[in-house]
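Below you'll find the structure, written out as structure tokens, and then a few comments.
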Amino acid sequence: MPDLRKNTFFVSLGQGVQLLLALLLMPFAARFLGDADFGRYSLASTLMFFVFLANDLGLNTWLTREAARARDSSGRLLARVLGIKLAAAPVAYGLLLAFLALSGFDEVTRRAVEIFAVYGIVSSLGQAFTAIFRAHERMHFETLVVVTEKLLITGLGLFVLVRRFGVEEFSAVFPLAGFVSAALAAYLVWKRFFRPVVAFDTGAWPATLGASVAFGVSIFLATVYNKIDVVMLSMMQSVAVVGWYSAAYKLLAFTNVVPNIAATVLFPRLSVYSKAGREQLSELFGQAILYLSALAVPMIPGGILLAPGIIHTVFGAEYVQAVPALQILVVAAGILFLNIFLASLYGAANFQTKLVGIQTLGLILNVGLNWILIPRFAHLGAAAATVATEGTIFVVTITLAVRRIARPAGLAELWKVFVAAAVMTAGLTYLRHWNWLVLVGVGAALYAGALWLLNFEPLRTLKRGGLR
Numbered sequence: 058m059p060d061l062r063k064n065t066f067f068v069s070l071g072q073g074v075q076l077l078l079a080l081l082l083m084p085f086a087a088r089f090l091g092d093a094d095f096g097r098y099s100l101a102s103t104l105m106f107f108v109f110l111a112n113d114l115g116l117n118t119w120l121t122r123e124a125a126r127a128r129d130s131s132g133r134l135l136a137r138v139l140g141i142k143l144a145a146a147p148v149a150y151g152l153l154l155a156f157l158a159l160s161g162f163d164e165v166t167r168r169a170v171e172i173f174a175v176y177g178i179v180s181s182l183g184q185a186f187t188a189i190f191r192a193h194e195r196m197h198f199e200t201l202v203v204v205t206e207k208l209l210i211t212g213l214g215l216f217v218l219v220r221r222f223g224v225e226e227f228s229a230v231f232p233l234a235g236f237v238s239a240a241l242a243a244y245l246v247w248k249r250f251f252r253p254v255v256a257f258d259t260g261a262w263p264a265t266l267g268a269s270v271a272f273g274v275s276i277f278l279a280t281v282y283n284k285i286d287v288v289m290l291s292m293m294q295s296v297a298v299v300g301w302y303s304a305a306y307k308l309l310a311f312t313n314v315v316p317n318i319a320a321t322v323l324f325p326r327l328s329v330y331s332k333a334g335r336e337q338l339s340e341l342f343g344q345a346i347l348y349l350s351a352l353a354v355p356m357i358p359g360g361i362l363l364a365p366g367i368i369h370t371v372f373g374a375e376y377v378q379a380v381p382a383l384q385i386l387v388v389a390a391g392i393l394f395l396n397i398f399l400a401s402l403y404g405a406a407n408f409q410t411k412l413v414g415i416q417t418l419g420l421i422l423n424v425g426l427n428w429i430l431i432p433r434f435a436h437l438g439a440a441a442a443t444v445a446t447e448g449t450i451f452v453v454t455i456t457l458a459v460r461r462i463a464r465p466a467g468l469a470e471l472w473k474v475f476v477a478a479a480v481m482t483a484g485l486t487y488l489r490h491w492n493w494l495v496l497v498g499v500g501a502a503l504y505a506g507a508l509w510l511l512n513f514e515p516l517r518t519l520k521r522g523g524l525r
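So the sequence shown is numbered by our numbering: it starts at 58 and just counts up by one.
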């Protein structure tokens, strides 16, 4: 079985490059587009995810799991998935057009949304090929595809922005890059695994969709309760308010890199252990919780203290209203470290139907809180609703996982994370008038030093080579 360290390296490399490129592009987009057009772009990219999910139907996750368990059947499974997605594409786009007809959005916003919808469908098709890379634990191919797409988006996006084109032209960059990356992914599958084909074996569709729909509903619910705030803000507040909130919220995409790496790399291994390795599953579960907590816990106080400097540097003075939103949302970012991994664990252990129930609860809670809080507190109300939702999801999800899936082993060291984070917070508070970039390094040094003095076991594990 491939080394987890190797796969982690390649996924981390891809996510790291993606992070750096986004950090390069996002400030340009925020400043050149202005808060109103940045709000339109954020709304369009948010609705794109719903089109993606309407086309995906949980098939990517299902394909990853099934192909990981039966790799010889990968070609047949991919062909079936591609057939279903191609048939679903007109339906997904038609639903988007129907929504736009009822939305009352202005013409520029509607066109940006329509363009991003194409990107959602293309991305859904491209990620079917990526599922094969994950199932075979060959993440270096996924890294190549992701980096290629993000390089194109960044390069073309900067060109469009510097030439002073509008939000529609900027939006068109995304489907163009998506077509190229999907073609590259298909080519790599053909050259390294098998010749990909499309099969419209409709007789097998009901069973496949019956197995994948729980994944699809789960991802849909997670997307809704994570992104419905932007849609509701756009209907209750101005596009400028959407821009302020989105500026803070988009920074969560950077913090989500680490848990997404963990979920991507560990999902095939969790799928195997859930079938024939309960002791190994318990050990891996505990290690993931401990490692992710060690990164998430200090991020919360650090983000709260450094938020003013981050917003001013990345987005500029026009987005000062995003500072308190970021200070609230960083709490949700910390909780998401664990929630993203737990969702992956549920899928691997075939508990996706349970996850759907939990996420339905989260959706109801999130929509209700947004409906109450946005009219009174605008983007800050949306941020508070996000924190409350993620916190509730975590409590319910971890409780059920411990009772029904596996009991995480090796959490005796967890208290040291909180002690070290307290030391870091005290230091940053005392030095809070320093430049925030300097404080990032100081905070990291204080936190790591405190963990070292406390003889934190994962530091010794990493020194010996980490997970295998």
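Glycine included, C-beta positions come from ideal geometry on N, C-alpha and C.
Contacting residues, own chain, Cβ-Cβ under 7 Å from residue i (five flanking each side not counted)
i       : result
Ser-102 : Phe-173
Val-74  : Val-204, Lys-207
Pair within 8 Å by beta-carbon distance, residue i and residue j
i       : j       : result
Ala-125 : Ala-192 : yes
Thr-454 : Leu-510 : no
Leu-208 : Thr-417 : no
Ala-469 : Leu-508 : no
Val-354 : Phe-475 : yes
Gly-273 : Leu-110 : yes
Gly-214 : Phe-227 : yes
Thr-446 : Gly-419 : yes
Asn-407 : Ser-331 : yes
Thr-280 : Phe-95  : no
Ala-542 : Asn-283 : There is no way to answer for residue 542, as the model of the chain reaches only from 58 to 525.
Glu-43  : Leu-134 : Since the first and last residues shown for the chain are 58 and 525, residue 43 lies out of range.
Gly-343 : Ala-466 : yes
Ile-285 : Val-497 : no
Leu-290 : Ile-421 : no
Arg-9   : Val-165 : Here the chain comprises residues numbered 58 to 525, so residue 9 is not present and cannot be evaluated.
Secondary structure of residue i, DSSP reduced to three states
i       : result
Phe-251 : coil
Pro-465 : coil
Ser-401 : helix
Val-108 : helix
Gln-384 : helix
Arg-220 : coil
Met-58  : Note on Met-58: pLDDT 46, under 50, position unreliable in the model; the coordinate value appears next. Coil, per DSSP.
Gln-184 : helix
Leu-114 : coil
Phe-66  : helix
Ser-295 : coil
Val-246 : helix
Asn-313 : coil
Leu-511 : coil
Asn-423 : helix
Asn-492 : coil
Glu-123 : helix
Glu-226 : helix
His-193 : coil
Ala-501 : helix
Residue from the options whose Cα sits closest to the Cα of residue i
i       : options                            : result
Ser-295 : Gly-161, Ala-268, Ile-415, Ile-421 : Gly-161
Ser-269 : Phe-251, Ala-405, Val-224, Leu-352 : Ala-405
Tyr-348 : Phe-394, Ala-479, Ala-435          : Phe-394
Tyr-504 : Ile-367, Arg-489, Gly-484, Leu-488 : Gly-484
Glu-167 : Thr-121, Val-224, Gly-214, Gly-177 : First, the amino acid is wrong: residue 167 is Arg here, not Glu. The candidate whose alpha carbon is nearest that of Arg-167 is Val-224.
Tyr-176 : Ala-136, Val-237, Arg-128          : Val-237
Val-170 : Tyr-376, Ser-99, Ile-368           : Ser-99
Ala-441 : Val-217, Leu-383, Phe-513          : Leu-383
Arg-249 : Glu-194, Phe-66, Ala-351, Ser-328  : Glu-194
Leu-327 : Leu-90, Leu-77, Leu-82, Thr-121    : Thr-121
Leu-346 : Arg-128, Val-499, Ile-210, Ala-319 : Per the sequence shown, the amino acid found at residue 346 is Ile instead of Leu. It is Ala-319.
Ala-501 : Leu-363, Leu-426, Leu-422, Ala-374 : Leu-363
Phe-66  : Thr-321, Val-444, Gly-366          : Thr-321
Leu-218 : Thr-370, Leu-82, Tyr-244           : Leu-82
Ile-368 : Ile-392, Leu-77, Ala-305           : Ala-305
Beta-carbon proximity list for residue i, same chain, < 6 Å, skipping 5 on both sides
i       : result
Ala-239 : Val-179, Leu-182, Gly-183
Ser-131 : Ala-124, Ile-189
Phe-324 : Ser-401, Ala-405
Lys-528 : Only positions 58 to 525 of the chain appear in the structure, and residue 528 is not among them; the question remains open.
Ser-303 : Ser-99
Own chain partners of residue i with C-beta closer than 8 Å, once the 5 adjacent residues on each side are dropped
i       : result
Thr-410 : Ala-271
Thr-265 : Leu-116, Trp-119, Arg-137, Val-138, Ile-141
Proximity test, residue i beta-carbon vs the ligand MG heavy atom, cut-off 7 Å
i       : result
Val-298 : Although the ligand MG was asked about, the structure shown includes no ligands whatsoever.
Touching by the beta-carbon criterion (3+ pairs, under 8 Å), the segment 356 to 363 and the segment 337 to 345: The answer is no - the segment 337 to 345 does not touch the segment 356 to 363, with fewer than three Cβ pairs under 8 Å.
Any contact of the segment 134 to 147 with the segment 251 to 258, i.e. 3+ C-beta pairs under 8 Å? Touching, per the Cβ criterion.
Three or more C-beta pairs under 8 Å: does that hold for the segment 378 to 393 against the segment 302 to 309? Contact holds: three or more Cβ-Cβ distances are below 8 Å.
Is it a yes or a no for the segment 426 to 435 touching the segment 284 to 299, going by three-plus beta-carbon pairs under 8 Å? Yes: the two stretches touch, three or more of their Cβ pairs being nearer than 8 Å.
Segment contact, 8 Å Cβ cut-off, at least three pairs: the segment 487 to 501 with the segment 447 to 462: Taking a cut-off of 8 Å on C-beta distances, the segment 487 to 501 does not touch the segment 447 to 462, as fewer than three cross pairs fall below it.
Are there three or more Cβ pairs, one per stretch, closer than 8 Å when the segment 147 to 162 is compared with the segment 81 to 96? Short answer: they don't touch.
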